[in-house]
DNA sequence: CTTGACTCCCAAAACGTTTTGGAGAATTCT
DNA sequence: AGAATTCTCCAAAACGTTTTGGGAGTCAAG
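Residue numbers (my numbering), protein chains in the order written: chain A, 17 to 352; chain B, 17 to 352.
This is the structure we're talking about:
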């Protein structure tokens, strides 16, 4: 049974009554309601989604933009996150569409397409930059959205983020507590909020301890980027004895650099993200990760609340960072 | 500018003309066409997607169902594949929605919701079973779909798959050529097509060589499943000297089992999928993978052709399997 | 001058649903 | 008994687009 009209006709009822019966309104008698429900069940009737969306002025969709450039595509278990998010959204009648950014097109362009074409009720943004034009655009349009990662936007917006500053501060302090003094940082591109704030955490710990925060090298957030940045640091006159790396991918690149260099196995390393692969590197990679479980559900919940109209300032979650200790962070080193 | 009506009014034209001008029909003069286009550009007008969908009777959406149970979620670079697929679909005006399967609900139920609610124009199915009720359902509804993996369905359907039979046949023969005679197989759940056909490939090579194909253990398609299956094989009176594993995850579990057992480092292993993690195991994991690049684009292309009405029999791609040689497949072994 | 072809435009119908604003019948209250 | 209230139900409007089936003009050919 394709139609509401056909279903109504076959029951000898009006379209209105059938529609309201299925929606459980009280102004249709229990008897007919049941009769309608049975008929709908039997014929497998489902309301046409496009028609409902048009009438209700809701797209019943949420889009997530996928950056297409390589490296660090949000959190490690990104697909699991998406899946969990989609599952929770689905129970509220929303579906999640993925919006990859084709080469040559900007992420704002994609947002514009989705928002101005009324294709979505809300958006989910990953990999925020410190100054993120997507955020600015969505704010200007007034459409609900949640980001994975903070920004430096003046107006508050909904986000979920890990406290990278505190995490990298703690990681650096832990190295200091075990006698390290020349602690280097392998930084990601500073335009990204997460990369910047992680560097700030490392730097604050160095400053507080009265150590010179000069052992810093920036690279692409990839294995290769970490490798090159590590080589840079290792070639300097005063070598680091420990490396705090912005991401696990970069840390794995750093481990490769250490393997190639004399005395590299005395240098400790810690990363961030808890990539599964870290358990298999040699040495196995000590790392950090954001606390909290079922991240996808959290994103979904925030999105739903944003759609319901809750102010953005109430929709911000900053999660603590915890250590995942393996071998790479405590290699025997020679104190300065 | 929200409306076509408003845009038309502001231009002193009819809705019809504006609509046709924007769609580039020839029955509107070049002058007005240009005038309309400029106005639309300036006001940032985008047609309301829901309205167009309702009118054109097309959802402009394709759904992909994500199995929620753990392990082997399709190919290794699954997210990349989805992203590539979505990107290609987008250039044809289609968006990709992800449809996770909540606990307690069957995958067919999800398909039914999407198909009967006219929410999608086509579907993408991953991880096919030999007898796949999703395939049967979609065929009964006559909706276009493409699967990642074949099935034993009598009626042909569109798919992209790797030639697992040939791949596992070749892998087993290669072991035979280097003197192995007791070659074991760690099999995935035989209800899955890929798992079944890979086992058949191994078995055919053993049969052809006149060897007894009794060293086979089945397990869950996970690291733990591979670990347990390997232990099973290693405890048998006549141990294998080489293991052909249905997936890399299982192979990695097998490597763990070998590490725990006496003489395990004389046993060769090969997996399938080319997981990135395989480069970091010790020994590094030799594996296989499906040939062909930009798989996502291939899926998108097949989906579009299916939507366009091409018969399913013309939409089947069987890709060859190639070896990715690392260390684990040639460990020094003692011949029988 | 008429006919036919061509160019440019438009009114109205349709897509399938939800919601508004009652209408008629049945019931309860005064 | 009449008035007020409650129960059921429904016709029609609306959501914003695309498409159908023409309707005026203009121009060239007959």
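Even for Gly, the Cβ is constructed at its ideal location relative to N, Cα and C.
- Interface residue (Cβ-Cβ distance to chain A less than 9 Å): residue 292 of chain B is classified as such.
- Using a Cβ-Cβ distance cut-off of 8 Å, the segment 315-329 of chain A and the segment 273-280 of chain A are not in contact, since fewer than three pairs of beta carbons, one from each stretch, lie closer than that value.
- Judged by DSSP secondary structure, residue 136 of chain B falls outside any beta strand (DSSP E); it is assigned neither H nor E.
- Residue 106 of chain B reaches chain A at 115, 116 and 118, counting residues in chain order whose Cβ is nearer than 8 Å.
- Taking a beta-carbon distance threshold of 9 Å, residue 153 of chain A does not count as an interface residue toward chain B.
- In the three-state reduction of the DSSP assignment, residue 159 of chain B falls in the coil class, being assigned neither a helical nor a strand state.
- Assignment of beta-bridge partners to residue 288 of chain A by DSSP yields no partner.
- Comparing C-alpha distances from residue 32 of chain A to each of A:52, A:169 and A:267 shows the shortest one belongs to A:52.
- Within 8 Å of the CB of residue 63 of chain B, the CB atoms of chain A belong to 133, in sequence order along the chain.
- A contact is defined here as three or more CB-CB pairs under 8 Å, and the segment 193-208 of chain A meets this definition with respect to the segment 231-246 of chain A.
- Residue 306 of chain B is bridged by DSSP to B:337.
- Shown here is that no member of the segment 143-172 of chain B has a Cβ falling below 7 Å from a Cβ of chain A.
- Within a 10 Å sphere around the beta-carbon of residue 253 of chain B sit fewer than 16 other beta-carbons, which makes this residue exposed.
- For the 9 Å CB-CB criterion, residue 84 of chain A and residue 118 of chain A form a contact.
- Contact between the segment 107-126 of chain A and the segment 102-114 of chain B is present: three or more C-beta pairs spanning the two stretches fall below 8 Å.
- Look at the segment 190-202 of chain A: it has no residue with a C-beta under 8 Å from a C-beta of chain B.
- Rounded to whole angstroms, the gap between the alpha carbons of residue 213 of chain B and residue 135 of chain A is 42 Å.
- The shortest CA-to-CA distance from residue 156 of chain A to any of A:164, A:131, A:167 and A:168 is the one to A:131.
- DSSP, read as helix, strand or coil, puts residue 56 of chain B in helix.
- Assignment of residue 81 of chain B by DSSP, reduced to helix, strand and coil, places it in the strand class.
- Cβ contact annotation for residue 221 of chain A (same chain, cutoff 6 Å, sequence separation greater than five): 185, 188 and 189, in chain order.
- Of the candidates B:72, B:127 and B:205, the residue whose Cα lies closest to the Cα of residue 153 of chain B is B:127.
- For the segment 28-76 of chain A, not one full-length beta strand (DSSP E) segment reaches 3 residues or more.
- Burial check for residue 305 of chain B: the Cβ neighbour count within 10 Å reaches 16 or more, so the residue is buried.
- Burial is judged here by how many other beta carbons sit within 10 angstroms of a residue's own beta carbon; residue 71 of chain A has fewer than 16 and is exposed.
- For residue 100 of chain B, the closest Cβ of chain A is nearer than 9 Å.
- Using a Cβ distance threshold of 9 Å, residue 235 of chain A and residue 269 of chain A count as a contacting pair.
- Taken through DSSP and simplified to helix, strand or coil, residue 349 of chain A comes out as coil.
- Here residue 210 of chain A is actually not in contact with residue 183 of chain A; their C-beta atoms are around 10 Å apart, not less than 8 Å.
- For a Cβ distance threshold of 7 Å, residue set 94 and 95 of chain B lies close to residue 95 of chain A, ordered along the chain.
- For residue 208 of chain A, no alpha helix (DSSP H) run applies, since DSSP gives it neither H nor E.
- The alpha-carbon of residue 169 of chain B is positioned some 49 Å away from that of residue 166 of chain A.
- Below the 9 Å Cβ cutoff, chain B contributes 128 and 132 as neighbours of residue 60 of chain A, in chain order.
- According to the DSSP assignment, residue 259 of chain B belongs to no alpha helix (DSSP H) but to the beta strand (DSSP E) extending over 258-261.
- Just so you know, the alpha carbons of residue 267 of chain B and residue 205 of chain B end up roughly 15 Å apart.
- For residue 26 of chain A, there are no CB contacts under 6 Å within the same chain when 5 residues up- and downstream are skipped.
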